[in-house]
Amino acid sequence: MADEPRRTRAQQERRIRILETAMRMAGEGGYEAVQMRAVAEESGVALGTIYRYYSGKDEMLIAGLAGWLRRTRRRVESGALAGDTPGDRLIFLLERSAALTQNRPTLMGALIRALGTTSPAAIEHKLEVDTQFRALVVTALGPDRGIDAEGIARVIGHVWSSALSRWVSGIAPDESVQAELTHAARMLVGTPARV
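If you use my numbering, the sequence shown corresponds to residues 3 to 197, in order.
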């Protein structure tokens, strides 16, 4: 978010506590478990303050996802990816990310539901999720000038969203998210399938 550097340390710490609490509640009990009053109590932040920051749980959960993606991108930027080629690095990232998400079906179900909101208040955070996801993919691909990293990131983002939605709704098996992402990455970057 553009105004993040201007926030005081106390404001940033409150937002982090709020988002961590909301994400934990969503991971333990799903979308319905995230109640603004309960988040306020468990995070130690006044309910009015939470509503000043977030209009509702959808916005709060989407902001939590954006934060997770931002932290993941920073780890990737520090060299946390294995692979010699853009395709290898991208597949490594996507396989690890898919494994993490598939190990947290309750949280992912809550996040997918929150991402489906049409509330104008959530747009800024949805754009941040999109920006962070694309930056994560572009970072994994590296500086190879022979590929359209932004285009690949956009398509992978669509596949990620679709694969997660299908998985959390129960119409695709557990391993489907990783399989769909890996397949898309191989098609886009030209990395041959491993046997």
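Built from N, CA and C at the ideal position, the CB exists for glycine as well.
Taking the alpha carbon of residue i as the reference point, which residue from the options has its own alpha carbon closest?
i, options, result
"Leu138", "Arg17, Leu96 and Gly58", "Leu96"
"Ser178", "Lys128, Met62 and Gln104", "Gln104"
"Leu190", "Ser171, Ser167, Val170 and Leu143", "Leu143"
"Thr184", "Asp90, Arg75, Ser167 and Glu43", "Asp90"
"Ala24", "Arg72, Gln13, Gln14 and Met38", "Met38"
"Gln180", "Asp150, Asp146 and Leu102", "Leu102"
"Glu30", "Asp150, Ala112 and Thr119", "Ala112"
"Pro145", "Val47, Pro88, Thr10 and Ile20", "Pro88"
Quick one: grab the DSSP three-state call for residue i.
i, result
"Met3", "Because Met3 carries a pLDDT of 46, less than 50, the predicted location of this residue cannot be relied on, and the following value inherits that uncertainty. Three-state result, Met3: coil."
"Val47", "coil"
"Ala84", "coil"
"Pro107", "helix"
"Ile173", "coil"
"Gly118", "coil"
"Tyr56", "coil"
"Val197", "Legend: pLDDT at Val197 = 46, less than 50; position of this residue unreliable, value from coordinates given subsequently. Residue state, collapsed to three classes: coil."
The alpha helix (DSSP H) that contains residue i, what's its start and end?
i, result
"Glu79", "Lys59 to Glu79"
"Thr23", "Arg11 to Gly31"
"Glu126", "Ile125 to Leu143"
"Arg147", "No alpha helix (DSSP H) holds Arg147; DSSP gives it neither H nor E."
"Ala35", "Where Ala35 is concerned, there is no enclosing alpha helix (DSSP H), given that its DSSP letter is neither H nor E."
"Glu182", "Ser178 to Val191"
Can residue i and residue j be called in contact, C-beta distance under 8 Å?
i, j, result
"Ile114", "Val170", "yes"
"Leu63", "Ala116", "yes"
"Gln134", "Arg75", "yes"
"Ala68", "Val131", "yes"
"Met27", "Ala40", "yes"
Check whether chain B comes within 8 Å of residue i, counting only Cβ atoms and requiring the distance to be less than that.
i, result
"Arg72", "Of the protein chains in the structure, only one exists, and it is not chain B."
Heavy atom of the ligand HEM less than 7 Å from the Cβ of residue i, yes or no?
i, result
"Leu113", "Looking at this structure, you won't find the ligand HEM or any other ligand, since it has none at all."
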